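S.K.: All residue numbers for the sequence shown refer to the working numbering, where the first residue is 198 and numbers rise by one.
Take a look at the following structure, please.
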Amino acid sequence: MLESSTGLKPAELQVNAGPQYASTFTLPAEDTAMDVTPVQASDYMFEVNPPVVNLGTNTITVDSAAILKAYAVEHNIANGFVEAEKSKAQIEKEESWWTRNVSTPLGGFIKTNFGEENAGKEVHKMNGNARLVAVKLSKAPAEGEKIVLNTSLKNGDKSIFLAYGERITFTSENWDKPAYLLVQVDPKLDHETSASFKGLSGNISFAWSVTFFILAGFFLAIALYHKFILPKPVTDKPAKEVTARNIFKEFFETFASFFKKKQIWIAIAFLLLYRLPEAQLVKLISPFLLDAREVGGMGLTTGQVGLVYGTIGILGLTLGGIIGGILAAKGGLKKWLWPMAWSISLTCATFVYLSVFQPESLFVINLCVFVEQFGYGFGFTAYMLYMIYFAAGEHKTAHYAICTAFMALGMMMPGMMAGWLQELIGYENFFWWVMICCVTTIAVTAFIKVDDSFGRKQAEVKA
198 MLESSTGLKP
208 AELQVNAGPQ
218 YASTFTLPAE
228 DTAMDVTPVQ
238 ASDYMFEVNP
248 PVVNLGTNTI
258 TVDSAAILKA
268 YAVEHNIANG
278 FVEAEKSKAQ
288 IEKEESWWTR
298 NVSTPLGGFI
308 KTNFGEENAG
318 KEVHKMNGNA
328 RLVAVKLSKA
338 PAEGEKIVLN
348 TSLKNGDKSI
358 FLAYGERITF
368 TSENWDKPAY
378 LLVQVDPKLD
388 HETSASFKGL
398 SGNISFAWSV
408 TFFILAGFFL
418 AIALYHKFIL
428 PKPVTDKPAK
438 EVTARNIFKE
448 FFETFASFFK
458 KKQIWIAIAF
468 LLLYRLPEAQ
478 LVKLISPFLL
488 DAREVGGMGL
498 TTGQVGLVYG
508 TIGILGLTLG
518 GIIGGILAAK
528 GGLKKWLWPM
538 AWSISLTCAT
548 FVYLSVFQPE
558 SLFVINLCVF
568 VEQFGYGFGF
578 TAYMLYMIYF
588 AAGEHKTAHY
598 AICTAFMALG
608 MMMPGMMAGW
618 LQELIGYENF
628 FWWVMICCVT
638 TIAVTAFIKV
648 DDSFGRKQAE
658 VKA
């Protein structure tokens, strides 16, 4: 709101796409790109030509799309609308010891013995229909003044996107020349849809500054509220002697006491390995849904992925977590530990099904993603409860923080290799590998010990 109110009237662009529109390839003629109606001297605005773009869903060649983008880039750089990227010398990099001795030989072995024929192929072809859109100012800005136009999707289908021209700078030297934006549709789009784009030119620094000042005031008010309203536990007392030496001593003692807990190494193994399958799977869900069917993906558009994973998936994850919490409160963690462990493991099989059969029904795809995310949300409840259980005792807050550090590590490390592995063996074999990794989830669950009553409501425990 602040950004739009401190600048010129926002530039508006409407893009319609559908099979009924023609797919044509045209470059604007030099010096005749814009046919604008003269405006009053008092009017100071962005002129968009054309303000409405109709794009067919038939694809164009990759070369044609590249030519359109190259034209826009060259024209905008030549007229000072954008800065040219600094050229980088083509220096042949020497392979690292790790690449030469570990990842390359290991990757070659994996690809030769377990890889699919289409694994690692280039799939993101930018051959969706595209159109150049010209934008200029109606009159010159003041000498030395810069008008920066930042354009982004306002609303509509994300399968229509801005392929180039997100940030354009107008000055007194180039205001009367057109700057070019490139809008493009997802090549997999096959139905009628639309999207609108909005270009803002307000004072971004001022807008963000005001926003953060408001947030700072809000947090200050909340801090004061907490100071006077929240109850103060009897044990919440300052240390008698606070010195730098005591602070460091307490820190290291607290840290060391964590590793002196019973079953510490089993607990660490549980924190690192319980989510091993999901840590790899989650990194590849979106690429799998987006990639073309000929390379093992589902071939969905960006908008469809937003619905499937960003809406239906989140709904399943939320419901799974809520139901898991309710059941654990009634029966306790020990009772529901195994159902939750199997839930987070077996539901990964839905992606094996998707990769093997590649169903075209959007309902089936939504159902599979919902089931997997529901199982993850349900099974993750046991993980969170176990962290609370294990951290209990003296320094429980600090120990819980250490548990969350291991939780993050357990997601980060497997996720780092997930994409590399998928490129070697393909989606189908990758999801079978994820299912094999489910063995670790079941194995580490078998070794942990939990109190019978932990997690249940106190009223039920007393009863």
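C-beta: ideal position from N, C-alpha, C; glycine also.
Given the structure is predicted, the values throughout are model-derived calculations rather than measurements.
1. According to the Cβ coordinates, are Y361 and L379 closer than 8 Å?
2. With DSSP as the reference, label E363 as helix, strand or coil.
3. Please state the DSSP three-state secondary structure of Q381.
4. Identify, in the order they occur along the chain, each residue of the same chain with its Cβ nearer than 6 Å to the Cβ of A230, setting aside the five sequence neighbours on each side.
5. Per DSSP, what kind of secondary structure is G215 in: helix, strand or coil?
6. Could you give the DSSP three-state label for E389: helix, strand or coil?
7. Measuring CB to CB, does S542 end up less than 8 Å from C635?
8. Starting from the C-beta of F222, find all residues in its chain whose C-beta is less than 7 Å away, skip the five residues before and the five after it, and write them out in chain order.
9. In chain order, what residues of the same chain have a beta carbon less than 6 Å from the beta carbon of N213, not counting five sequence neighbours either side?
10. Quick one: what's G612 bridged to in DSSP?
11. Answer with buried or exposed for Y377, where buried requires no fewer than 16 other C-beta atoms within 10 angstroms of its C-beta.
12. May I ask you to verify whether the segment 570-583 touches the segment 507-525, counting CB pairs closer than 8 Å and requiring at least 3?
13. Which word fits L224, buried or exposed, when buried means at least 16 other C-beta atoms lie within 10 angstroms of its C-beta?
14. Determine the DSSP secondary structure at K424, reduced to helix, strand or coil.
15. Hey, V549 and F628 are a contact pair by Cβ (cut 8 Å); roughly how many whole angstroms apart?
16. Our contact map puts A466 next to V641 with C-beta atoms below 8 Å; I'd like the distance itself, whole angstroms only.
17. Quick check on F548: does DSSP put it in helix, strand or coil?
18. In terms of residues, what are the limits of the alpha helix (DSSP H) holding K446?
19. Quickly, what does DSSP pair E397 with across the bridge? List them, please.
20. Within 10 angstroms of the Cβ of I461, are there 16 or more other Cβ atoms? Answer buried if so, exposed if not.
21. Can the beta-carbon of S393 be found closer than 8 Å to that of Q217?
22. Are the beta-carbon atoms belonging to D354 and K531 less than 8 Å from one another?
23. Let me check understanding here. Comparing Cα to Cα, which of G529, V553, N563, G612 lies closest to Y586?
24. Rounded to whole angstroms, what is the Cα-Cα separation between E370 and L205?
25. Does the distance from the C-beta atom of T508 to that of L386 stay below 8 Å?
26. Which residues share a DSSP beta bridge with A331?
27. Can the beta-carbon of A638 be found less than 8 Å from the beta-carbon of A546?
28. Please state if the CB of G652 and the CB of F571 are separated by a distance shorter than 8 Å.
M.R.: Based on what the coordinates show:
1. Counting from 1 along the sequence shown, the entry for residue 361 is found at position 164. Counting from 1 along the sequence shown, the entry for residue 379 is found at position 182. Yes, they are a contact pair.
2. The residue given as residue 363 occupies position 166 in the sequence shown. Coil at E363, not helix or strand.
3. Translated into the one-based positions of the sequence shown, residue 381 becomes position 184. Correct three-state label for Q381: strand.
4. Here residue 230 corresponds to residue number 33 of the sequence shown, with the count starting at 1. Since pLDDT at A230 reaches only 46, below the 50 mark, its modelled position is unreliable, and no value is offered.
5. Mapped onto the sequence shown, residue 215 falls at position 18. It is a strand residue.
6. The residue labelled residue 389 in the question sits at position 192 within the sequence shown. Here E389 sits in coil by DSSP.
7. Within the sequence shown, residue 542 is the residue found at index 345, counting from 1. Within the sequence shown, residue 635 is the residue found at index 438, counting from 1. Cβ atoms of S542 and C635: closer than 8 Å.
8. The residue given as residue 222 occupies position 25 in the sequence shown. These residues qualify, in order along the chain: I257, S261.
9. For the purposes of this step, residue 213 is taken as the residue at position 16 of the sequence shown. Closer than 6 Å at Cβ, skipping near neighbours: N251, S391.
10. One-based indexing of the sequence shown puts residue 612 at position 415. DSSP lists no partner for G612.
11. Translated into positions along the sequence shown, residue 377 becomes position 180. Under this definition Y377 is a buried residue.
12. yes
13. Mapped onto the sequence shown, residue 224 falls at position 27. When all chains shown are included, L224 counts as exposed.
14. If you number the sequence shown from 1, residue 424 lands on position 227. Here K424 sits in helix by DSSP.
15. As a first step, residue 549 is located in the sequence shown; it is residue number 352 there, counting from the start. As a first step, residue 628 is located in the sequence shown; it is residue number 431 there, counting from the start. Confirmed, Cβ separation roughly 5 Å.
16. Within the sequence shown, numbered from 1, the residue matching residue 466 stands at position 269. Within the sequence shown, numbered from 1, the residue matching residue 641 stands at position 444. Their Cβ separation, rounded to whole angstroms, is 5 Å, which keeps A466 and V641 in contact under 8 Å.
17. Here residue 548 is taken as the residue at index 351 of the sequence shown, counted from 1. Of the three classes helix, strand and coil, the one that applies to F548 here is helix, per DSSP.
18. Within the sequence shown, the letter at position 249 stands for residue 446. Here the alpha helix (DSSP H) through K446 covers 441-455.
19. The residue you call residue 397 lines up with position 200 of the sequence shown. Contrary to the premise, residue 397 reads as Leu rather than Glu in this sequence. Note: L397 sits in a beta bridge opposite N347.
20. Against the sequence shown, residue 461 aligns to sequence position 264. It counts as exposed.
21. The count along the sequence shown starts at 1 and reaches residue 393 at position 196. The count along the sequence shown starts at 1 and reaches residue 217 at position 20. Not a contact, by the Cβ cut-off of 8 Å.
22. Numbered from 1 along the sequence shown, position 157 holds the residue referred to as residue 354. Numbered from 1 along the sequence shown, position 334 holds the residue referred to as residue 531. Their beta carbons are not under 8 Å apart, which means D354 does not touch K531 by this criterion.
23. Residue mapping note: residue 586 aligns to position 389 of the sequence shown, counting from 1. Of the candidates G529, V553, N563, G612, the one whose C-alpha sits nearest the C-alpha of Y586 is G529.
24. Position 173 of the sequence shown holds residue 370. Position 8 of the sequence shown holds residue 205. Between E370 and L205, the C-alpha separation is close to 18 Å.
25. Working through the sequence shown from its first residue, we reach residue 508 at position 311. Working through the sequence shown from its first residue, we reach residue 386 at position 189. Not closer than 8 Å, so no.
26. For the purposes of this step, residue 331 is taken as residue 134 along the sequence shown, with counting starting at 1. Answer by DSSP bridge pairing, in chain order: N246, Y377.
27. What you label residue 638 is simply residue 441 of the sequence shown in a count that begins at 1. What you label residue 546 is simply residue 349 of the sequence shown in a count that begins at 1. Here residue 638 is Thr; the residue named in the question, Ala, does not match the sequence. Against a cut-off of 8 Å, the Cβ pair of A546 and T638 comes out as no contact.
28. To locate residue 571, count along the sequence shown from 1; it is residue 374. To locate residue 652, count along the sequence shown from 1; it is residue 455. The answer is no: Cβ separation not under 8 Å.
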